[in-house]
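Letter by letter, the sequence shown follows residues 8 to 541 of our numbering. Everything below concerns the one structure shown next.
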Amino acid sequence: MSLSLPEEAARRRTFAIISHPDAGKTTLTENLLLAGGAIRLAGQVAARGERRRTSSDWMKIERDRGISVSASVMTFEHEGNMFNLLDTPGHEDFSEDTYRTLTAADSAIMVLDAAKGIEPQTLKLFEVCRLRDIPIITFVNKMDREAQDPFDILEEVQEKLALDVAPLYWPAASGNRFAGMKDLRTGEFCLFKKLAADSKEHPDAAERIKMDGSNSLADRVDPSVLEELELTAELAADGLPEFDHQSYLEGHMTPVIFGSALRHFGVHELLSAIGEFAPPPRPQKAEVKGNEKVIERDDKQVTGFIFKIQANMDPNHRDRVGFFRISSGEFKRGMKLKTSSGKLLNVHNPMMFLAQDREIADQAYPGDVIGIPNHGALRVGDALSESGDVKFAGIPNFAPELLRRARVKDPMKQKHLKKALESLAEEGVTQLFRPSIGSDMIVGAVGALQFEVMKERVAAEYGLEVEFETAPYNVARWISGDADKLDAFMDKNKSQSGTDLDGDPVYLGKDSWDANYTMDKNPDLRFTTTKERL
Ligand code: G4P
């Protein structure tokens, strides 16, 4: 029997995983898909990755450096819920991309390495979640290795993130002595079955054993570990707050689960917690016909926004896929959607991303992400709706911290390079500026690694050899204000201005001293480090 729009929307859980590189995000992703029945054997996500890599050379940089550059989405159904797991790039140079992906998530899983606790990138990503009031479930990973004292880990979360911590489980030792964890809500013991990392066996969920002395638990778990667990779990139950669902939803409290992604432990418990506690698609603030409005997931009209563009998923076809996160309504294949600037799209071939495949999506609901193939009509931040008069706030472009002049080795190929850079800039990973004077193309990025990725991609996808040289500018700011004053400024400062990919005016300064001086001199204009796309 088919479900109604409110029922479908209410069973969606759209979430992202945030972590510091190496904490275990990839391993956890794979094991969540495994626990959710989306893949049969751990290792298949990577295996599929391998296949894709052979067809797309730029992935080489991911393989060489062990980082994942592009974000994607994986959809699976489990215990009546539909999960949309948004994958975020882990490397710090790609934080802007990650930021945008988080705008499409309703909640997040924070993965911590049990030996390392909060690391710099965790903190940065957490701050993005806090900015958007995204509730967080914490997964303390790698308990099968020597870990910090759980009280210390939780205290660090509490202090560094100013979050109340409520353990749902309490671990029994760590490393070689790791035996499992106690479910603090039911009082049961979840037994850790030590499997080899490459074991084909993967238990559905941990075996649960009552801790009331009525069974042989003591035969199966080192008594000294059990004794220690009884003591520390009692301290935890007494000293730490009880889980409060409302407080979690408001972003004040994080429930904590311990486990080992690599050994398939705690992953089912995490998935159940996401199903039970994580919020379904949240209301979205929007502007409709110039009026502020809140779009609710059950609203009839299909609305949503593009949070990511990926070009050349298939290098032979020069395709572009816009990742569309649905905010309201029931989407049907073949629907006509409009951007707020009036562009009309017939969505004939929307894609759904399953763990191992892409499929044509006949229907999709709030919380879902579908890929819309297009030839450059869509930009990151575009709102799409049936009526065409909906705008969403809050998907910013950030001023790049590094600017480089792009130069192609073969001067005859200048036009080709322009096309390649424009198309890659449309993905939003890098930015492209055209100074008012001359024919330079200035590429801006948040981190240096992005230039390497660009170089590889321009070579692999366009057959061009590009160099990124020092540019005469180091600072970029978007300029806005009264049209006449803006024109006058652009006219007077031709050597220090230009336009971005959308043709919007940009100030290009030598350094921050230069920028501050110019800003002081032009108090009527606004110079901003972010540009919100509306
Ligand atoms: P990331 O995506 O957050 O960067 O982390 P990833 O999953 O790639 O994990 C980083 C390393 O930590 C990997 O080891 C992985 O096997 C290991 N790991 C992940 N979860 C656990 C766990 O629960 N317990 C233990 N002991 N290790 C874990 P690697 O040696 O860097 O890579 P690999 O050669 O094993 O793939």
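Glycine included, C-beta positions come from ideal geometry on N, C-alpha and C. Note that this is a predicted model, so its numbers are computed, not measured.
- Looking at the DSSP output, Pro178 shares a beta bridge with Met188.
- Taking non-hydrogen atoms of ligand 1 into account, the C-beta of Asn148 is found less than 7 Å away from one of them.
- With a cut-off of 7 Å, the C-beta of Arg304 is classified as distant from ligand 1, since no heavy atom of the ligand falls inside that distance.
- With respect to Ala243, Pro174 sits close: the two C-beta atoms are nearer than 8 Å.
- Considered as a whole, the segment 405 to 456 harbours 409 to 415, 438 to 442 and 449 to 452 as its complete beta strand (DSSP E) runs of no fewer than 3 residues, in chain order.
- When Ala293, Val450 and Gly273 are compared, the shortest CA-CA separation from Tyr480 is found for Val450.
- Setting aside the 5 residues that flank it on each side, Leu92 is surrounded in the same chain by Met81, each with a C-beta closer than 6 Å to its C-beta; the list follows chain order.
- Contact between the segment 295 to 304 and the segment 382 to 391 is absent: fewer than 3 CB-CB pairs across the two stretches fall below 8 Å.
- Residue state for Tyr514 is assigned as strand, using DSSP reduced to three classes.
- Between Ala42 and Val274, the CB-CB gap stays under 8 Å.
- Of the candidates Thr193, Ile216, Asp518 and Val473, the residue whose Cα lies closest to the Cα of Met419 is Val473.
- Look at the beta carbons and you see the segment 377 to 386 not touching the segment 286 to 297: under three pairs across the two are nearer than 8 Å.
- Thr525 carries a helical assignment under DSSP once its states are collapsed to helix, strand and coil.
- DSSP places Pro262 within a strand segment (E or B) once states are collapsed to three.
- Taking a 10 Å sphere around the C-beta of Asn356, we find fewer than 16 other C-beta atoms and assign the residue as exposed.
- Not a single heavy atom of ligand 1 lies less than 7 Å from the C-beta of Asp94.
- Its chain contains Ile316 as the residues whose beta carbon lies nearer than 6 Å to that of Glu433, once the 5 sequence neighbours on both sides are disregarded; these appear in chain order.
- Sequence-distant Cβ neighbours of Phe146 in its own chain, meaning closer than 6 Å and more than five residues away, are Ile116, Val118, Ile264 and Leu277.
- Take the alpha-carbon of Asp159 and the one of Arg184: they are about 19 Å apart.
- Per DSSP, reduced to three states, the secondary structure at Ala400 is coil, with no helix or strand assignment.
- In summary, Asn38 is buried, with 16 or more beta-carbon neighbours lying within 10 Å of its beta-carbon over all protein chains present.
- In the three-state reduction of the DSSP assignment, Leu202 falls in the coil class.
- Contact check for Asp369 and Arg340: beta-carbon distance about 5 Å, within the 8 Å limit, so the pair qualifies.
- Taking the Cα of Ala154 as reference, the smallest distance to any Cα among Gly182, Glu163 and Ala169 is reached at Gly182.
- Beyond the five residues adjoining it in sequence on each side, Asp29 comes within less than 8 Å, by CB distance, of Asp120 in the same chain, given in chain order.
- Under a 10 Å Cβ-count criterion, Arg215 is classified as exposed, with fewer than 16 other Cβ atoms of the shown protein chains found around its own Cβ.
- With 16 or more other CB atoms across the displayed protein chains lying within 10 angstroms of its CB, Ser430 is buried.
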